[in-house]
Amino acid sequence: MQKNVYWVAVMSLALSVSGCGPRVPQAVDVGPVADPSSVAKPMADEVVEPVALAVAPAHPSPAAPTVTLYGSPAMLEEASTMERLPSSSQRTVVAAPLHESHHGARPSLLETRERYERLSDNPVKRTVQESVSTLSLDVDTGSYSNVRRILHQGQLPAKDAVRVEEMVNYFPYEVSQAQGAHPFALQTEIATTPWNSENLLLRVSVKAVEQNVASMPPANLVFLVDVSGSMSTRDKLPLVQASLRQLVQQLRAQDKVSLVVYAGRVAVELAPTKGDDKATILAAIERLTAGGSTAGASALELAYQQARAGFIPGGINRVLLATDGDFNVGETNVEHIKNMVERQRATGISLTTLGYGQGNYNEALMQQIAQVGNGNYSYIDSLQEARKVLVDELSSTFNSVAADVKLQLEFNPQTVAEWRLIGYENRLLNEADFRNDQVDAVEIGAGKSVTALYEITPAGQEGLYSQRRYGAAAPVMQSTYESDEWGALRIRYKKPGQKTSIEVAQVVRRTSDDVQPSSEWGFSAAVAAFGQQLRGGTYLNQWTYADTLRLAKASLGEDAQGYRHGFVQLVELAQSLSPTAAQQR
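When we follow our numbering, the leftmost residue of the sequence shown carries the number 9, and every step to the right adds one.
Below, the structure written as structure tokens:
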């Protein structure tokens, strides 16, 4: 029999085996087709070894393909009935052991079907060769809550599910209040790197000015809700509805809301409605039910049409997309969808994405389209997280006070031998992009705190690069500023609605070695260490989860919402799941 093998719902799984490149399990020869009723289903509390599911027709023919998925038998038997698979009256589950992941544990269905953008850690740079770091800041927090969900399910996350800057920026930090004409405060702090006593860790903090919800500009919001069949589980559409109900309670008379839904069809469920007509809006939300396939791209177009129809000059005009990101009908190419979102951004309509669910979750799409849509990306794993994003931090989620915010840090080669940026791998810009006002960057909402961390090796200390026999790779220019400066920091931003950027600059000066770092520095360092550990810990030396726990507990500071104590619990979970857990206590 000729078999056309399709790899369906398998994300880009990077399985590092003995330092080799990615390895993907081979297709399974199913042989005779079995009756699916003969497949033993696991009990609710049974831990099932991942296997391969082979889907084949009961009466094979050359035209009938075999489809191979990966996951546990029960979940994959259900997945095999999805309408995207070839028509077949019989299914079978065949065991096929999967290779070990980079954590040493076997990957689950969550790792093999969920889709993440593949990123490589930023390398260490020699200052004499490259002294300037340029990037767009990042206000997204989705990586942290998604990692939390995975850890709570008893698994270590896939490496690419972890973006360290989103882990760090999940937490609010105390920074001096903004003063003068700029809508944010800028602060730097430097101390000895916890995982390398020969290096220093520089923390750059930006904190936007606080504004309460009552003083926000009027908002024109379009709720774009995925009601396809994949959204039927409790952690998807029902949680979306509960999330939106909380947001509706915050709306004012000057606001208006539209509701667009999509599955096999797209439709306007609610025309623009005043924000104080809560009964009408809530009734529309309650009517939503899940079923059908997912025509996401065409739904985005309709949502933007609604946003244009209700456009408020000088107001907040935003599409709020709630989905698992599993677009499987119509335009599904991520780059094409990003191009559409980018075109709409130019009209003054931004895009916020709220990710839900698991199993087929397309995090790569959710994060990337929010990035180009001048919005933000959050992953909602609970009603508590929905409240954090849509109630407690509503102003920072929707009300931008600084646009196209870029950071540039020029290191002094007289004092800094090497440096590396921790995280921000998909936010890097070219040096020339910094002063090019046509290059897009992040929007920062009111009250939002954003942190960037750099590990630096002071001149004279041993770094990762060996001393060259024939001297430095490039001549170092003598400077009158060499003795007391680590570098020069610059921030560029636009005021909302403006086309020309404003630049803010300050020097990062050397300080006394006996200055005690703040709890804010210590906690951000602990979160950064944790994120790096989950990604493999390339630059952490012998640092362990126990070390991260000690640093986090010593740096809790004020924690009114309990987020930091929740982080400590996550580290403890990861420590217990680590292959070397017994050695790290």
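For each residue, glycine too, the CB sits at the ideal point set by N, CA and C.
Here the structure is a predicted model, which means the values were calculated and not measured.
Between the C-alpha atoms of residue i and residue j, what's the straight-line distance to the nearest angstrom?
i           : j           : result
residue 535 : residue 559 : 9 Å
residue 158 : residue 165 : 6 Å
residue 162 : residue 581 : 8 Å
residue 263 : residue 148 : 24 Å
residue 124 : residue 228 : 31 Å
residue 169 : residue 586 : 17 Å
residue 516 : residue 498 : 10 Å
residue 358 : residue 373 : 16 Å
residue 577 : residue 588 : 18 Å
residue 443 : residue 290 : 45 Å
residue 406 : residue 383 : 8 Å
residue 343 : residue 524 : 47 Å
residue 243 : residue 464 : 42 Å
residue 240 : residue 297 : 8 Å
residue 380 : residue 236 : 25 Å
residue 212 : residue 238 : 41 Å
residue 217 : residue 425 : 35 Å
residue 150 : residue 175 : 8 Å
residue 579 : residue 286 : 41 Å
residue 348 : residue 355 : 12 Å
residue 473 : residue 132 : 9 Å
residue 495 : residue 251 : 44 Å
Would a C-beta distance cut-off of 8 Å place residue i and residue j closer than the cut-off?
i           : j           : result
residue 665 : residue 394 : The displayed coordinates of the chain run from 9 to 593. Any statement about residue 665 would go beyond what the structure contains.
residue 192 : residue 215 : yes
residue 511 : residue 181 : no
residue 402 : residue 258 : yes
residue 177 : residue 397 : no
residue 441 : residue 153 : no
residue 421 : residue 140 : no
residue 387 : residue 378 : no
residue 231 : residue 194 : no
residue 196 : residue 416 : no
residue 145 : residue 413 : yes
residue 423 : residue 466 : yes
residue 261 : residue 282 : yes
residue 317 : residue 233 : no
residue 583 : residue 554 : yes
Using CA atoms only, rank isn't needed, just tell me which of the options is closest to residue i.
i           : options               : result
residue 333 : 370, 327 and 175      : 370
residue 179 : 544, 190, 293 and 455 : 455
residue 509 : 246, 410 and 463      : 410
residue 183 : 532, 464 and 451      : 532
residue 427 : 283, 306 and 207      : 207
residue 597 : 250, 432 and 380      : Here the chain comprises residues numbered 9 to 593, so residue 597 is not present and cannot be evaluated.
residue 313 : 375, 353, 299 and 134 : 353
residue 345 : 305, 252 and 188      : 305
residue 171 : 548, 563, 541 and 569 : 541
residue 322 : 295, 504 and 437      : 504
residue 530 : 203, 220, 307 and 277 : 203
residue 190 : 500, 460, 364 and 474 : 500
residue 419 : 365, 391, 493 and 280 : 493
So who's on the other strand from residue i, going by DSSP bridges?
i           : result
residue 226 : Answer by DSSP bridge pairing: none, since residue 226 is not bridged.
residue 505 : Bridge partners of residue 505: none, in fact.
residue 516 : 495
residue 325 : 228
residue 370 : 123
residue 452 : 410
residue 146 : None; residue 146 has no bridge partner.
residue 234 : 270
residue 363 : 331 and 387
residue 196 : 212
residue 163 : DSSP, once it has assigned bridges, lists no residue as partnering residue 163.
residue 596 : Residue 596 falls outside the range modelled here, since the chain spans only 9 to 593, and no answer is possible.
Following a CB-centred definition, is residue i positioned closer than 7 Å to any heavy atom of the ligand MN?
i           : result
residue 200 : The ligand MN is not part of this structure, which contains no ligands at all.
Residue i: buried (16+ other C-beta within 10 angstroms of its C-beta) or exposed?
i           : result
residue 478 : exposed
residue 155 : buried
residue 319 : exposed
residue 566 : exposed
residue 284 : exposed
residue 446 : exposed
residue 122 : buried
residue 506 : exposed
residue 326 : buried
residue 292 : buried
residue 448 : buried
residue 439 : exposed
residue 278 : buried
residue 563 : buried
residue 138 : exposed
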